[in-house]
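Residue numbers (the working numbering): 12 to 133. C-beta: ideal position from N, C-alpha, C; glycine also.
Have a look at this one:
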């Protein structure tokens, strides 16, 4: 009972080479990393799709709001022009009686007694 030689783990089972043991652990690590990647993608991808959908909806709403703002601005500018012309008409009509008569003849076709009006269309 003397000397018993120490046998390393690689020499204990000569049927399994050391490269095969390392390959199994690498496969296990690869499986774990694949699982981790798949689970993270399973969580991240739906979030990305939901965010993209909400962003698209917001962009459509912004476009609609811009269209309504533009139409409102056009209406406002036309109303300002109308208001300006009406103010000028009020100034002219309150100025003199002759201007009132010109205005009535021009817009409404009024005439003086024994006067014939000819309308010229352009």
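Rounded to whole angstroms, what's the CA-CA distance from residue 120 to residue 71? Just pull it up for me.
51 Å
Indicate whether residue 116 and residue 131 have their beta-carbon atoms separated by less than 9 Å.
no
What did DSSP end up calling residue 126 once you bin it into helix, strand or coil?
When secondary structure is reduced to three states using DSSP, residue 126 falls in the coil class, being assigned neither helix nor strand.
Can you give the beta carbon distance from residue 109 to residue 103, rounded, assuming they're within the 8 Å contact cut?
The Cβ separation is near 10 Å, so there is no contact.
Work out the CA separation of residue 61 and residue 90 for me, nearest whole Å.
43 Å
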